[in-house]
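So the structure is just underneath, and the comments pick up after that.
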Amino acid sequence: MLTQIAWRNVRANPVRFLGTVLAVVLATTFLSAALTARDSLSDSLESNAVAALDEVDLAVDGFVDEDSPGAQFESPPGVPVDVVADVAAVDGVAEAIGQASGDVELPGLVADSPTPATGWVVVDSPLTPWSIAEGRLPAAAGEIAVDEDTARELDLAVGAPVAIATISGPLEATVVGLSTYGDVAARELRDVLVSAADGDVVADLSSSGWDIVLVDFDDDADIDAATTQVDALADDAAESLETGGFEVLTGDELRDREAGQAASLASGLGIGLQVFAYLALVIGALIIFNTFTTVVAQRTREFALLRAIGTSARQVRRAVRLEALVVAVVSSAIGTALGAGLIALAIAVIPAVGNFANFSMRPLSIVQVMVSGIVVTMVSAFIPAWRASRTRPVEAMRDADPTVKPVSRIRGLIGMGAMAVGALALAIGSAIDNWWAMGAGSVLLFIGVLVAGPTLVSLLARVLRRPLARLSIADELAVAEADRNARRTAATANALVIGVFLVVFATSAGGALRDFAVDQIGELSGADVSVASFTGQPLDEELVTQVTEVDGLVEVAQVNSTVGFGDLDIGFGQQLPVAGVDMDAFGVLGVDVIEGAVDSEGLAVAEELATGAGIALGDIVTVEFLNGEQADLEVTALTGFSFDIPPANIDLALARELSGDDLPVTSLAAQYAPDADQDQVTADVEAITSQYAGIDLIDTNQFVTLIRTFFNFLLSAVSALLGVAIVIALFGILNTLVLAIAERTRELGLLRSVGMTRRQLRRMIRTEAVITSMVGTTIGAVLGLAISFAIIRVALEGAFSWPWLELAVTMVAGVVTGVVASLFPAWRAARMNALEAIRTE
Amino acid sequence: MSSAPAAPAPAASDVDFAARCYDLTKVYGGDGNDVVAVDDVTLGFPRATFTAVMGPSGSGKSTLMHCIAGLDTPTSGRVFIGDREITGLGDADLTRLRRDRLGFVFQAFNLVPVLTARENLVLPAKLGGDEPEAAWVDEVVGVLGLGDRLDHRPSELSGGQQQRVAVGRALITRPDLVLADEPTGNLDSQSSDAVMSFLADAVERLGQSVVMVTHDPWAASYSSNVVFLRDGAVEGELAAPTTDGVLDKMKNLGA
């Protein structure tokens, strides 16, 4: 019976649950999309890794000594080219091939904006993970294959000539084939395959070796014996290495590792997105709670009647929970389907996504979304259901409006008290650099605001009433209504408080961080022109020669960004990274020498770092080079920080001599000749660097712009993800208005009958929505600013930049949110027949 | 049966009536189970008089009033407020008409809970964007006799006080016609007396025109003329009614 009542209630008043359904649907859609994206990515990458490597029985791969000083700066050693032939010659080995990669750039669709891709050196063999969809694998110098999606994107066909840039310069090539990898087009974002003949050009093969060697055994091979022999070859090869070594993996181990890497990449992405999705769900929970609280209050008489005729409190509780369950299941199911649909659409429509992922949603993900949606809804409806069951039968006879609960004075006082103490703790914590006080203060401030919400709304409404009354009677009635049900207004605004707080906090703290970083970089001294790769790959010798010879540049300094590490702890357990530079050209780098003098025999250390590590001029620092050689060096100069080089430097020639290692050049720094045409010089250098993949001409301003762009992108992305929370809050306002209108039908009918026009009625509802959204936006923004200001003050030593623009956008967005949220309710209310309204009992 | 109000001259320029209707019919439903709520009624309510409309439940008295007030659309016939025909007007015009030329008193829920008594009183004028005429407001307030309770919210007033404020609100725009729908339906006899006296005062002292729907013979005795309805049609009238006279008439109607 009660089941029937619950079901009919939901069916008879679907609009009552509109906001709840929208909130749950949106939050679960987000979650579902996040999980589907993860599943699709993970499953595609995994199955590709496994499918592409299915012929591999054994693999030889390089590894880094985890405990070597600069482990995180080093890449694993490549397998020397001749080792492949030795492995292939082992008894029982059918075939052994190497695989290597390097950055390449394909010409873009637009001139001067190249398309980055990964160049793979492949050998035509069943072991090769790539397949050919059209044409053939490259076999000779100047032949390439391009993944089929990229080929389509860039309009490249088999037979087309194409000029690509590689790490060692330009390569005039011809497309001989279109490739696929496993089930998808490309292994990375875009693949370019070349033959071993171009190995040196694309991947520096002769000196760097293969990234990995793949082995296929004969069907009748003695696998143990063959493996032992390959092990021995790997050990021999490792003998000649200064650091790291080679490991031998079985095919299954390799496939597991590749699949694992794919899975962990995808799950990292999944976790990041889920954080935002669950945040959205929590805000949705507030709205669900608010809706059920309101609905239960509106139905007090119904529950009282049920209780009066003998329904038990438990039965009433169950009936309300059942309603919540219906809403939860329906909304979560819609959300699950929508989220999956969105990802399917993205894969189908966006080439960059479709390139490497196929749609997939695991059953467990469906379960996770459904359970999350249902649990959040049921938990949110818990207290309202309990309240419904506490309805006393006599209330069926009461005349008082059960939907309006007076604002508790004690609650207001407690909330205001918590706000005051929290704000004080935050301010003091910020002043004395105490993170605990700041954390506790922030939490207390937040809780205080939520507790004091109704009181704050009431106060604000009283302040606003007079000015709004002067505007129009509709506005006055709106503010009076917001005040009358201040508890509900506050509860509705809370969702927005949290959403806006998150956005403002992220943008203002992130913006401060961005401006701080940009400022610091701007203050660093630097060369006029520098040439480097962002991945730290060595510069081609030809490139170095060409840049050095450019007219209009003086003193081109050669830099190796990390030649070794000094035995000093510079914090976080890191050792002092040491760079090799032309000490003769040190001045070119624009580094100030604060104390001592740079010379080609000593170590120059940034003063701040030296002070931090407790060393002074004349101290001896032991430097361990990357190849393990060690040398004691005297600190002969204390310098400022520079943008172009690490904070500790020795002469590059000295480093080569002491380490016995032919350390490559990783970047160049130069200054313009006094009479040079700077634009011309820049253009000349650019003409050279554009021939090389991954190598860029950087000037300080460009770098600052890049940092700024990067931060802005990050901030926009985070704001967009958090924006979902604000949209959910919008549904909350919409829902509250719809419920309030249903509840005030008679009042609205009365207003209409005494001459309120439809326009005035709409205005009244719009104003109420805007008041609610402004309360939420203002409180959220103030909280976000206060807390981020306090934190940034301590973290960045006061370098807080007020995000005026973002703030203005947020406030405008708040008003717009209110207006948008009121559209449907206002339309509904205005459409209402005044006569029917006053007849409604 | 007095004939003047029941058979008004059909000229549109006739301004002796606060409201008139001609051949007014309202049919509810459709698909073969029509209910004729008002059946071909022609009536006039003279200015500065107090008319009561009576009849048993289902006699169509409320529907008649709603049609005259422009709250409901008649199926056929014409309705005039003063010299203005309201049949066929759109929502915006009807709203303005209700605001400026009609006053309403309902059985219950007459006041906006968030406004004080005084604010409720001047609400129609405020909705029209006008400042109410101060002298007139003072006069209405004087007759209202609410004293210092004017600045209280409706929830702090008694039922009778609330209804008096509602009557005051209905008068505030000096409407052509005040329509009252069972204004004492929810009140005890003492409060009812205060509200009815106030309505009668409005007619006598302020010269307003009032039409009241009621089924309470005692309330009807405050009026100057009673119109009886039965099955949607006019069944007779009674001038200068007394409670007993009305009761007799009702018995004859078989109510």
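Protein chains in written order, with my numbering: chain F, 4 to 844; chain L, 6 to 260. By construction, the Cβ of each residue, glycine as well, lies at the ideal position given by its N, Cα and C atoms. Predicted, not measured: the structure shown is a model, and the values here were computed from it.
- Nearest CB-CB separation between Ile774 of chain F and chain L: not below the 7 angstroms threshold.
- Against chain L, a Cβ distance below 7 angstroms from Ile731 of chain F picks out nothing, because the smallest value is about 29 angstroms.
- Under the three-state reduction of DSSP, Ile618 of chain F is assigned to coil, being neither helix nor strand.
- Annotation: Cβ neighbours of Lys131 of chain L in chain F (cutoff 7 angstroms, chain order): Ile476.
- Interface criterion not met: the Cβ of Phe233 of chain L is under 7 angstroms from no Cβ in chain F.
- Taking a Cβ-Cβ threshold of 7 angstroms, the residues of chain F close to Asp96 of chain L are Arg761, in chain order.
- For the pair Ala37 of chain F and Leu341 of chain F, the CB atoms are not nearer than the 7 angstroms cut-off.
- The C-beta of Phe203 of chain L comes no closer than 7 angstroms to any C-beta of chain F.
- Here the alpha carbons of Phe109 of chain L and Tyr27 of chain L stand approximately 22 angstroms from one another.
- Within the stretch 396-477 of chain F, the alpha helix (DSSP H) runs of at least 4 residues that lie entirely inside it are, in chain order, 412-434, 438-474.
- Only His71 from the stretch 49-71 of chain L bring a Cβ to less than 7 angstroms from some Cβ of chain F.
- As computed with DSSP, Ile653 of chain F is found in a beta bridge with F:Gly583.
- In this structure Val96 of chain F touches Val218 of chain F by the C-beta definition: roughly 6 angstroms separates them, less than 8 angstroms.
- In terms of Cβ geometry, Ala428 of chain F and Gly444 of chain F form a close pair [threshold 7 angstroms].
- Secondary structure of Trp805 of chain F (DSSP, three-state): coil.
- Straight across, the Cα-Cα distance linking Ser363 of chain F with Pro110 of chain F is about 33 angstroms.
- Legend: CB atoms of the stretch 728-756 of chain F lying less than 8 angstroms from CB atoms of chain L belong to residues Arg749, Glu750, Leu753, Leu754, Arg755, Ser756.
- Closer than 7 angstroms to the CB of Ala489 of chain F there is not a single CB belonging to chain L.
- Here Ile648 of chain F is near Leu592 of chain F, since their CB atoms are less than 7 angstroms apart.
- The DSSP-derived three-state label of Leu671 of chain F is strand.
- Contact check for Pro129 of chain L against Arg89 of chain L fails: the beta carbons are separated by 7 angstroms or more.
- Restricting attention to beta strand (DSSP E) runs no shorter than 3 residues, the stretch 51-125 of chain F encloses them at 61-66, 96-109, 118-124, ordered along the chain.
- Inter-residue distance for Ala423 of chain F and Glu124 of chain L is about 37 angstroms (C-alpha atoms, whole angstroms).
- Chain L has no Cβ within less than 7 angstroms of the Cβ of Glu398 of chain F.
- Identification of residues in the stretch 102-125 of chain L having a C-beta nearer than 9 angstroms to some C-beta of chain F yields Leu102, Arg103, Arg104, Asp105, Leu107, Gly108, Phe109, Phe111, Ala113, Phe114, Asn115, Leu116, Val117, Pro118, Val119, Leu120, Glu124, given in sequence order.
- By the rule that beta-carbons nearer than 7 angstroms mark a contact, Thr100 of chain L touches chain F.
- For Ala832 of chain F, the closest Cβ of chain L is not nearer than 7 angstroms.
- Runs of beta strand (DSSP E) with 3 or more residues, each lying fully within the stretch 106-190 of chain L, are found at 107-110, 182-186, listed in chain order.
- Bounds of the beta strand (DSSP E) holding Asn563 of chain F are 556-572.
- Neighbours of Leu480 of chain F in chain L, taken as residues at a C-beta separation under 8 angstroms, are given in chain order as Val117, Val119, Leu120.
- Separation of Arg491 of chain F and Leu717 of chain F (C-alpha to C-alpha, rounded to the nearest whole angstrom) is 35 angstroms.
- For the pair of segments examined, the stretch 292-300 of chain F was found to touch the stretch 480-497 of chain F: the number of CB pairs separated by less than 8 angstroms reaches three.
- Within the DSSP bridge table, the entry for Pro387 of chain F names no partner.
- Taking the CA atoms as reference points, Ser270 of chain F sits about 14 angstroms from Phe279 of chain F.
- Within 7 angstroms of the CB of Leu243 of chain L, no CB atom of chain F is found; the nearest one sits about 28 angstroms away.
- Under the Cβ criterion of 7 angstroms, Glu771 of chain F is not counted among the residues facing chain L.
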